[in-house]
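Asks: The structure's right below; bear with me while I get my questions together.
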Amino acid sequence: MTSPANIQPIVVYLIKRHPLELPESGPIFQWLHFDNNFKGQLKEWIGPHDPELLSFLIDEAPSGEAWTRLIDGLMAGQIESVVTHLAPLSHAQRHQLIGTCAQVGAQLITPSDAGRNREDDF
C-alpha cells in the first residue's frame, strides 16, 4: 500500500484526460470545471464544508497513483467522503470504489446524486 499521508477527510478524485477523449471531442468526461467557480459546484454537491478538510487526487489517466492513494486512504479510515464521477472509471473501479466506501462507511458523492441527503455538519 502507498502512504495515504496528507489526505484530508473529503476527497475529490479526478482524471485529467480519459483515454477515450480525442482532441476533436474535447474533454467529454470533465465534470468539475476549475475555470468556472468549482468551489460553488462543490458546495452544491457536498453542502457547506471547511475547505481545509478537502483534498484533490488527480490522475493523468484512470487507475494511476492517485487512485491507489484514494483506496489506501479509504482503507486507513482517513477519508469520510469521496466526490467523483463514476462514468470515467472502469467497471472494476466503480465496483471497488462503491464496495470500499460501503465497507468503511465513507460517503460516495457523484454529480448525478449531489445534493440529496446531505448533512450540513462538515
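For what it's worth, the numbering used here labels the leading residue of the sequence shown as 1066, then goes sequentially. Positions of the beta carbon are idealized from the N, C-alpha and C atoms, including for glycine. Computed from a prediction, not measured in an experiment: that's the story for all the values here.
Which stretch, first to last residue, makes up the alpha helix (DSSP H) that contains residue 1139?
Replies: In the sequence shown, residue 1139 corresponds to position 74, counting from 1. From DSSP, the alpha helix (DSSP H) with residue 1139 extends over 1130-1140.
Asks: Give the DSSP bridge partners of residue 1172, in chain order.
Replies: Your numbering for residue 1172 matches position 107 in the sequence shown. For residue 1172, which the question treats as bridged, DSSP gives the partners 1146.
Asks: Alpha carbon to alpha carbon, what distance is there between residue 1114 and residue 1147?
Replies: The sequence position of residue 1147 within the sequence shown is 82, counting from 1. The sequence position of residue 1114 within the sequence shown is 49, counting from 1. Each residue's Cα considered, the two are about 13 Å apart.
Asks: Could you check what DSSP says for residue 1107 in three-state terms: helix, strand or coil?
Replies: Translated into the one-based positions of the sequence shown, residue 1107 becomes position 42. It is helical.
Asks: With 16 as the cutoff for other CB atoms within 10 Å, does residue 1131 come out buried or exposed?
Replies: Your numbering for residue 1131 matches position 66 in the sequence shown. Under this definition residue 1131 is a buried residue.
Asks: How big is the Cα-Cα spacing for residue 1137 and residue 1176?
Replies: The residue given as residue 1137 occupies position 72 in the sequence shown. The residue given as residue 1176 occupies position 111 in the sequence shown. Looking at the two C-alpha atoms, the distance is approximately 23 Å.
Asks: Under three-state DSSP, which class holds residue 1080?
Replies: The residue labelled residue 1080 in the question sits at position 15 within the sequence shown. In this structure, residue 1080 counts as strand in the three-state DSSP scheme.
Asks: Mind checking whether residue 1121 and residue 1077 have CB atoms under 9 Å apart?
Replies: Your numbering for residue 1121 matches position 56 in the sequence shown. Your numbering for residue 1077 matches position 12 in the sequence shown. Cβ distance < 9 Å, so residue 1121 and residue 1077 count as in contact.
Asks: Please classify residue 1171 as buried or exposed, where buried requires at least 16 other C-beta atoms within 10 Å of its C-beta.
Replies: Counted from its first residue, the sequence shown places residue 1171 at position 106. Buried, by the Cβ-count rule.
Asks: Counting only the same chain and skipping the five closest in sequence on each side, list residues whose C-beta sits under 7 Å from that of residue 1072.
Replies: In the sequence shown, counting from the first residue as 1, residue 1072 sits at position 7. If we look at residue 1072 and ignore the five residues flanking it on each side, its Cβ neighbours are 1120, 1134, 1138, 1143 and 1144.
Asks: Check the Cβ-Cβ distances between residue 1174 and every residue of chain B, and say whether any is below 9 Å.
Replies: Among the chains of the structure shown, chain B does not appear; only one protein chain is present.
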